[in-house]
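Step one of this worksheet: look at the structure below.
Below is the structure:
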């Protein structure tokens, strides 16, 4: 996820477990590098609905023939989404260069970003995320080696000014793309219809480009390690790239860098120093339990479970601090748990689902390590949680879980209660079908939440319905030209953003990569 | 000067005299470096006339305590004008840095430039000259070593965006100032009134900051070697820093890098390769003769006169190509000669003055090297030129030289005819007094042209009048806070620019440095 909210804790006490951090550092790794060249020049325009599209332009061989005078631009297409470092070979044409060349470089994951005007950006997260550079070049020719990393497919070179006497020529462009994994390590699924093949491919590319020194949130905008995203990325990774060390490294980082009381942060930084952020999300901290559980299921590595169980169990105990009468105390703060970016979403019921979901995993882990005391506590909590799920949230008349004092019916509440197995499979199945039929207004805003709806459908064996939703939703992004999947996508409003402006949206976002896993696990 | 006009000559033939270029290269040199620290933080505001002024702000020790959030800025005052390279030590404050810091850095020679809004710039020379950088910093703390050279006194650091979670701190700032010469090499003039001391100091600083690998035009905007400026810089240098090698190097560059027919360009480049520009100005090419003459007068180096005389004489011969009926053929192209940026100026009469001025120097050089053939030609041209000066341009009734078909009376025409000694000293003196009295409308726009008016007054022994003008004009810039003298200054319009917008004006400009020479030679 991005930033669920701006959390600032002055002088927060942090705890470092050196042994875990040391292991995380040992699991650090060199990235794989591949050299990528632009494949063509494109013209970016708008389709009939106003969405940006890249129209095939000219062969890349034409690039060095273009002379960019003031106001001219070219747009390079690197053929696919990549994350990496760009070098441009620039020269001048015409009379001798009698002024600095002043260039704007725009890096875009999707065509829309080329059309965006950054001067109009007024969103609430930093404008600094817009991948746009303003560069003066005093002496041409030169090799312009850009020091920053970009996530992009398109690169627009725009001459803000040259002088009436000379023009700028882009003689060559090269990209060193980086990732912890290679696309060649994963076999494409065979026998799938073309649309699902495309969805699978974009899911894999999304995951690949988010796998760097850690599982990143979204390489365009947020290079931090977020734990909610890590949970989905790790599961997708098990089904595809199988890079277990990267998951292990991330678990050690979260366990090694916590708040003073041991609470795991929503995200953490690895630069300039490794430290946990001062943002905490109730559901995200709890997911450490599930991540450890999933890792064990995949690797059967009991050692790491033993090592990290105390950290995981600590999250369950600390979760109680934010609960009242057995449910999340959302009166304390609306965004205590994340669940989804959906505006107006009441998160209490869905949080109950997450609570049960993680308690179930915690119970199994406690059994594995033989922590009978914890097991007893968790079993008690689980029983209560299941009772509360029904007594607090189930509305028999409507046939839905309702959330909060407004008794809100949302997609996320139903999905999480189903994933939590509050009811038996058949009743859950009926609930999901009822959900699709009634289509309550409070839907989902992100692929993250959409994933949980689809996973809930698969959980109750409604494969066709799940596939239908996947095709509509992820396929909708493909229809708009996506090479990788987005942080936020609302088919009814392709310009939607959790940040008040889509310019800073990330279009290769960790939590959107799950179709590659779901297609492999369920089909 | 800047760019008199945009001259573009497609596929211009260039001639290189390797022996001269080799000598120029041998005369290349390391620059002197001094380390400069900011002296305080200032607040830039406007005075009652709307001119930018720097109000003393806070001690520089306060700088590291400032936390720059979105929209905040600080302005560092380096205490004087300098040319050099800046390194900033930046850090973050608050929560961990969760977004790139996006900073705008503005370098300003005068306070006005801090107040300028570059987005409104619509001048006809490149916007790239505005000393403003837009920089993303992914990881703080960092040492930001800016690769470009700036000419400035003030540096504004403005946080375009950080994030709600962190702020940027400028912990330290350092400048490595560069020049071919040191201010310590010149004794300040003693016994001068304070205002003239200030004028002398700013003149010296202007010259120092323009003396780099070549005599630059203006280190903010135009780092080329312009020959019209070189003439004045060389003379000011003889009276002050006495760096003869730099003049020699520049003469060899001009002589070694010409148009195919040997014509010397208005300016030349030393990077990325040494080459003459495709801009030619009739008066500027001719000034090579005077520069060589002045160098001989200062050094008595006859060897270099012998070596470069053919190049100098070539300029006289080629000048004839642009003349008709013994005067400059301005019908061919209005800006054949530069003279001044003054709008509407008819340049024909002043050009005649330049022609005679240079022929007189050429005659002496021809005698020195014993080139009797050239001597004969020059003597003939000089006689004709003097006759034409009177017959074409003198208006007995008005008591002024008039120029062009419009019979324009301008300051520059009179000044150059006086410097050319068209009349005897007494008649010239009366002409200059008549000029001051009548004050014709077509005045001067630049310190370059103003210099020639003052030099003409000194030439006819009107020292008091000369000093009065110097005090009004150069003193006017001092009154507006100048540390160095400007490319263009109109006391009636402090926002005047030859480029349609003062944002790109140079405020440390070679051709404005002459008071340091005039004060030493005449007072």
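Chains as they are written, first to last, in our numbering: chain V, 979 to 1501; chain R, 979 to 1501.
Idealized CB from N, CA, C, for every residue including glycine.
Exposure of residue i, with buried meaning 16 or more beta-carbon neighbours within 10 Å
{"i": "residue 986 of chain V", "result": "exposed"}
{"i": "residue 1406 of chain V", "result": "buried"}
{"i": "residue 979 of chain V", "result": "Note that residue 979 of chain V has pLDDT 41, beneath the 50 cutoff, so the model's placement of it is unreliable and no number is given."}
{"i": "residue 982 of chain R", "result": "Reliability fails at residue 982 of chain R, whose pLDDT of 43 lies under 50, so the model's placement of it is uncertain and no value is given."}
{"i": "residue 1450 of chain R", "result": "exposed"}
{"i": "residue 1156 of chain R", "result": "buried"}
{"i": "residue 1485 of chain R", "result": "buried"}
{"i": "residue 1298 of chain R", "result": "exposed"}
{"i": "residue 1487 of chain R", "result": "buried"}
{"i": "residue 1028 of chain R", "result": "exposed"}
{"i": "residue 1383 of chain R", "result": "exposed"}
{"i": "residue 1350 of chain V", "result": "exposed"}
{"i": "residue 1469 of chain R", "result": "exposed"}
{"i": "residue 1197 of chain R", "result": "buried"}
{"i": "residue 1441 of chain V", "result": "exposed"}
{"i": "residue 1311 of chain V", "result": "exposed"}
{"i": "residue 1030 of chain V", "result": "buried"}
Endpoints, beta strand (DSSP E) assigned at residue i
{"i": "residue 1021 of chain V", "result": "1018-1024"}
{"i": "residue 1356 of chain R", "result": "It is not in any beta strand (DSSP E) - residue 1356 of chain R instead sits in the alpha helix (DSSP H) that spans 1350-1366."}
{"i": "residue 1247 of chain V", "result": "1245-1247"}
{"i": "residue 1149 of chain V", "result": "1144-1157"}
{"i": "residue 1084 of chain R", "result": "1079-1086"}
{"i": "residue 1111 of chain R", "result": "1110-1115"}
Cβ-heavy atom distance, residue i to the ligand GDP, below 7 Å
{"i": "residue 1078 of chain R", "result": "The ligand content of the structure shown is nil, which means the ligand GDP is not present either."}
Cβ pair residue i, residue j closer than 8 Å
{"i": "residue 1477 of chain R", "j": "residue 1101 of chain R", "result": "yes"}
{"i": "residue 1326 of chain V", "j": "residue 1305 of chain V", "result": "yes"}
{"i": "residue 1502 of chain V", "j": "residue 1296 of chain V", "result": "Nothing about residue 1502 of chain V can be read from this structure; chain V reaches only from 979 to 1501."}
{"i": "residue 1483 of chain R", "j": "residue 1452 of chain R", "result": "no"}
{"i": "residue 1092 of chain R", "j": "residue 1053 of chain R", "result": "yes"}
{"i": "residue 1389 of chain R", "j": "residue 1340 of chain R", "result": "no"}
{"i": "residue 1131 of chain V", "j": "residue 1086 of chain V", "result": "yes"}
{"i": "residue 1154 of chain R", "j": "residue 1062 of chain R", "result": "yes"}
{"i": "residue 1020 of chain R", "j": "residue 1037 of chain R", "result": "no"}
{"i": "residue 1255 of chain V", "j": "residue 1315 of chain V", "result": "no"}
{"i": "residue 1238 of chain R", "j": "residue 992 of chain R", "result": "yes"}
{"i": "residue 1392 of chain V", "j": "residue 1413 of chain V", "result": "yes"}
Terminal residues of the alpha helix (DSSP H) in which residue i lies
{"i": "residue 1232 of chain R", "result": "1222-1234"}
{"i": "residue 1135 of chain V", "result": "From DSSP, residue 1135 of chain V is part of no alpha helix (DSSP H) but of the beta strand (DSSP E) over 1128-1139."}
{"i": "residue 1443 of chain R", "result": "1441-1457"}
{"i": "residue 1284 of chain R", "result": "1280-1297"}
{"i": "residue 1211 of chain R", "result": "1205-1217"}
{"i": "residue 1338 of chain R", "result": "1326-1347"}
{"i": "residue 1261 of chain V", "result": "1260-1277"}
{"i": "residue 1395 of chain R", "result": "1389-1397"}
{"i": "residue 1410 of chain V", "result": "1403-1416"}
Per DSSP, cross-strand counterpart(s) of residue i
{"i": "residue 1036 of chain V", "result": "V/1019"}
{"i": "residue 1014 of chain V", "result": "V/1153"}
{"i": "residue 1067 of chain R", "result": "R/1121, R/1150"}
{"i": "residue 1051 of chain R", "result": "R/1136"}
{"i": "residue 1184 of chain R", "result": "Looking at the DSSP assignment, residue 1184 of chain R forms no beta bridge with any residue, so it has no partner."}
{"i": "residue 992 of chain V", "result": "V/1237"}
{"i": "residue 1481 of chain V", "result": "According to DSSP, which records beta bridges pairwise, residue 1481 of chain V is partnered with nothing at all."}
{"i": "residue 1030 of chain R", "result": "R/1024"}
{"i": "residue 1189 of chain R", "result": "R/1193"}
{"i": "residue 1518 of chain V", "result": "Only positions 979 to 1501 of chain V appear in the structure, and residue 1518 of chain V is not among them; the question remains open."}
Presumed contact (8 Å Cβ cut-off) between residue i and residue j, rounded CB distance
{"i": "residue 1229 of chain R", "j": "residue 1191 of chain R", "result": "Actually they are not in contact, since the Cβ atoms of residue 1229 of chain R and residue 1191 of chain R sit about 15 Å apart, beyond 8 Å."}
{"i": "residue 1055 of chain V", "j": "residue 1137 of chain V", "result": "About 19 Å separates the two Cβ atoms, so there is no contact after all."}
{"i": "residue 1494 of chain R", "j": "residue 1218 of chain R", "result": "5 Å"}
{"i": "residue 1113 of chain R", "j": "residue 1099 of chain R", "result": "Not really, about 19 Å apart at Cβ, beyond 8 Å."}
{"i": "residue 1434 of chain R", "j": "residue 1411 of chain R", "result": "With a Cβ gap of about 11 Å, residue 1434 of chain R and residue 1411 of chain R do not count as contacting."}
{"i": "residue 1164 of chain R", "j": "residue 1250 of chain V", "result": "No, residue 1164 of chain R and residue 1250 of chain V are not in contact; Cβ-Cβ is about 46 Å, not under 8 Å."}
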